[in-house]
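To keep things clear, I will list the structure first and then write my remarks on it.
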Amino acid sequence: MSSPPPPNSTSDDCQGTAATPHIVLFPSAGMGHLVPFTRLAVALSAGHCCDVSLVTALPTVSSAESCHIAALFAAFPAVRRLDLRLAPLDASSEFPGADPFYVRYEALRRSTPLLLGPLLAGASASALVADIALASVAIPVARELRVPCYVFFTASATMLSFKAYFPTYLDANGGAGHSVGDVDVPGVCRVPRSSIPQALHDPDDIFTRQFVANGRALVAADGLLVNAFEAMEPEAVAALLGGSVVASLPPVFAVGPLMPLNLREAAEEQGNYRAWLDAQPPRSVVYVSFGSRKALARDQIRELAAWLEACGHRFLWVVKGAVVDRDDACELSDLLGEGFQRRVEGRGLVTKSWVEQDEVLRHPAVGLFVSHCGWNSVTEAAANGVPVLAWPRFADQRVNARVVARAGFGVWVERWSWEGEEAVVGAEEIAEQVVAAMGDQAVAEKAASVRDEAARAVADGGTSQQSLAEFVRRCRGGLAGPGTDLGRTWTARG
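Counting from 1 along the sequence shown, just add 5 to a position and that's the residue number in our numbering.
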């Protein structure tokens, strides 16, 4: 089996390629969106001979985003930078108490109709790939310039199915002002009310308005890219490709899992976790991380600390004390209690620094990932064959946890609370589940199988490699998606 070109090199096939398309990528805010966009940028540039520009909205929300962007352009100079400076938005008066990342989506959405057009025209773009959070405002701008516009959905194919179908569900159940119940996504699964993103239960929430508008806009795109692969989400990918979810969807390209980038130089000062992992026995370490977007409640952090101290397992724990990293002024001792780090020294390592998660999950010492099930985390665990103990916290994460459980490479304790619920999961219950997961040979074997399936998907001739190649062919030929014969043929392929 041949593998993709190394992410820091240019494929030999790119030398002398005719009709090189210039693809402009337009991510939104947050590492969960930025990371897959940067991976897509390098895959298109190095692996598929495209001229690629990345729109960088400034200022960024988090320090992690700023560092990642700087490292990308330093490591991959072939990817060009297009800065977009956002107009100020007074969130405190208009959206008091709103999630800062959703506020940034709104700032981007308001700036896009004014600023994106000149940016695309000046870049002579062959195609635009817009983040899902910007779909409803980016598509009309691209259409006016006659630039094909694709939408990149950075989460699971199952969640893309839900998002595409949700406006239809609302229309059939009295509109956005009515309560949301279980949602049966045709051909995919039933998403129970308890797993629907918390914000969608409030029709006036800023996220709900964005979510519905972007869901309705999908049918107007020239195509949809999703960071998923068929073997892990067979029902969702087949339903999207076959038109079961929404009959009028444009072509769908399942291109995941997108390969991590070698940005290690930017992470050299981020702690000693590499040396610590190297000193641990194989499959002995529990890696604990709840992502870059949310922080656990203090009571829950203390309960998790109590279990890690008492359990006897080796562990690497990435702690987050605030929603936005620039606002995180807490010391570890404030979060974990005095003396915790001293008492677990040698057996456990706790850090507030950003870690290269794919590198952690690739390390042979790691035997289990206690994860919030953000989609980047799920795909990285799948690609590295690491079993997952799912503990979703908000947004699409319960849908993603269901994907993990159905695929068989992890377990999800559905009764565990998430954001907005007052229950605290106790140390003893966490210990019981971790011990069971660490000793579950069937889950470990399935994780290894999913890892092999992921590798096949992105290798030459694999389903995801073919999907990305077909997307590039369309960009190279200037093909439109919705309504064309070729578009219907590709959509029906699945």
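Here a beta-carbon is modelled for each residue, glycine too, at the ideal position from N, C-alpha and C.
Where do the N-terminal and C-terminal ends of the alpha helix (DSSP H) with residue i fall, by residue?
{"i": "Phe171", "result": "Ala162 to Ala177"}
{"i": "Phe100", "result": "Note, Phe100: premise wrong, no alpha helix (DSSP H); not H, not E."}
{"i": "Ser472", "result": "Thr468 to Gly482"}
{"i": "Arg347", "result": "Phe345 to Arg348"}
{"i": "Val250", "result": "Where Val250 is concerned, there is no enclosing alpha helix (DSSP H), given that its DSSP letter is neither H nor E."}
{"i": "Ala464", "result": "Looking at the DSSP string, Ala464 is not in any alpha helix (DSSP H), and its letter there is neither H nor E."}
Within this structure, are the beta carbons of residue i and residue j separated by less than 8 angstroms?
{"i": "Ile74", "j": "Cys55", "result": "no"}
{"i": "Ala112", "j": "Leu125", "result": "no"}
{"i": "Trp322", "j": "Gly342", "result": "no"}
{"i": "Val146", "j": "Phe171", "result": "no"}
{"i": "Val439", "j": "Val291", "result": "yes"}
{"i": "His53", "j": "Ala474", "result": "yes"}
{"i": "Arg403", "j": "Met264", "result": "no"}
{"i": "Arg367", "j": "Asn389", "result": "yes"}
{"i": "Ala138", "j": "Leu245", "result": "no"}
{"i": "Val40", "j": "Val57", "result": "no"}
{"i": "Ile211", "j": "Tyr107", "result": "yes"}
{"i": "Val47", "j": "Leu87", "result": "no"}
{"i": "Ala140", "j": "Leu254", "result": "no"}
{"i": "Arg456", "j": "Ala410", "result": "no"}
How is residue i classed by DSSP in three states: helix, strand or coil?
{"i": "Arg148", "result": "helix"}
{"i": "Ser1", "result": "Only positions 6 to 499 of the chain appear in this structure, which leaves residue 1 out of reach."}
{"i": "Gly372", "result": "strand"}
{"i": "Gly415", "result": "strand"}
{"i": "Arg331", "result": "Confidence at Arg331 is low in this model, with a pLDDT of 46, below 50, so the placement of that residue should be treated as unreliable; the coordinate-derived value is given next. Three-state result, Arg331: helix."}
{"i": "Asp210", "result": "coil"}
{"i": "Ala272", "result": "The pLDDT assigned to Ala272 is 45, lower than 50, so where the model puts this residue is not dependable, and the model offers no usable value."}
{"i": "Leu263", "result": "coil"}
{"i": "Asp304", "result": "helix"}
{"i": "Met6", "result": "Annotation note: pLDDT 35 at Met6 (below 50); position unreliable, no value reported."}
{"i": "Thr15", "result": "For Thr15, the predicted model reports a pLDDT of 43, less than 50, meaning its position is unreliable and no value from the coordinates is stated."}
{"i": "Cys55", "result": "coil"}
{"i": "Leu113", "result": "helix"}
{"i": "Val365", "result": "helix"}
{"i": "Asp88", "result": "strand"}
{"i": "Thr356", "result": "strand"}
{"i": "Thr65", "result": "coil"}
{"i": "Arg288", "result": "coil"}
{"i": "Asp457", "result": "helix"}
{"i": "Cys154", "result": "strand"}
{"i": "Glu385", "result": "helix"}
{"i": "Ser294", "result": "strand"}
{"i": "Cys194", "result": "strand"}
From which residue to which residue does the beta strand (DSSP E) around residue i run?
{"i": "Phe234", "result": "Where Phe234 is concerned, there is no enclosing beta strand (DSSP E), given that its DSSP letter is neither H nor E."}
{"i": "Val257", "result": "Val257 to Ala259"}
{"i": "His27", "result": "His27 to Phe31"}
{"i": "Ala135", "result": "Ala132 to Asp136"}
{"i": "Thr159", "result": "Thr159 -> no beta strand (DSSP E), and no H or E assigned at all."}
{"i": "Phe320", "result": "Arg319 to Val323"}
{"i": "Asp189", "result": "Val188 to Val190"}
{"i": "Leu394", "result": "Val393 to Ala395"}
{"i": "Arg279", "result": "Premise fails: Arg279 lies in the alpha helix (DSSP H), Tyr278 to Asp283, not in any beta strand (DSSP E)."}
Does chain B have any CB closer than 8 angstroms to the CB of residue i?
{"i": "Ser472", "result": "Looking at the structure shown, chain B is missing, and only one protein chain is on hand."}
For residue i, is the classification buried or exposed, using 16 other Cβ atoms within 10 angstroms of its Cβ as the cut-off for buried?
{"i": "Arg303", "result": "exposed"}
{"i": "Pro392", "result": "buried"}
{"i": "Gln446", "result": "exposed"}
{"i": "Pro262", "result": "buried"}
{"i": "Glu273", "result": "With a pLDDT of only 45 at Glu273, under 50, the local geometry of the prediction cannot be trusted, and the value read off the model is given with reservation. When all chains shown are included, Glu273 counts as exposed."}
{"i": "Ala315", "result": "exposed"}
{"i": "Glu427", "result": "exposed"}
{"i": "Leu119", "result": "exposed"}
{"i": "His377", "result": "buried"}
{"i": "Glu238", "result": "buried"}
{"i": "Glu149", "result": "exposed"}
{"i": "Ser67", "result": "buried"}
{"i": "Asn13", "result": "Note that Asn13 scores a pLDDT of 41, beneath 50, so its modelled location is shaky; the value from the coordinates is reported in the next line. Classification for Asn13: exposed."}
{"i": "Asn405", "result": "buried"}
{"i": "Asp332", "result": "Per-residue confidence for Asp332 stands at a pLDDT of 45, beneath the threshold of 50, marking its modelled position as unreliable; no derived number is given."}
{"i": "Asp104", "result": "buried"}
{"i": "Ser8", "result": "The predicted model places Ser8 with a pLDDT of 38, which falls under 50 and marks its position as unreliable, so this point remains unresolved."}
{"i": "Arg479", "result": "buried"}
{"i": "Val324", "result": "buried"}
{"i": "Leu266", "result": "buried"}
{"i": "Asp283", "result": "exposed"}
{"i": "Ala280", "result": "exposed"}
{"i": "His38", "result": "buried"}
Less than 7 angstroms separating the Cβ of residue i from some heavy atom of the ligand ATP?
{"i": "Ala284", "result": "Here there are no bound small molecules, and the ligand ATP is not part of this structure."}
Checklist entry - Any contact of the region 414 to 426 with the region 384 to 402, i.e. 3+ C-beta pairs under 8 angstroms? => result yes
Checklist entry - Three or more beta-carbon pairs under 8 angstroms between the region 225 to 242 and the region 254 to 261, yes or no? => result yes
Checklist entry - For the 8 angstroms Cβ check, are there 3 or more pairs between the region 364 to 376 and the region 126 to 136? => result no
Checklist entry - Within the chosen definition, does the region 399 to 406 reach the region 458 to 468 through at least 3 CB pairs nearer than 8 angstroms? => result no
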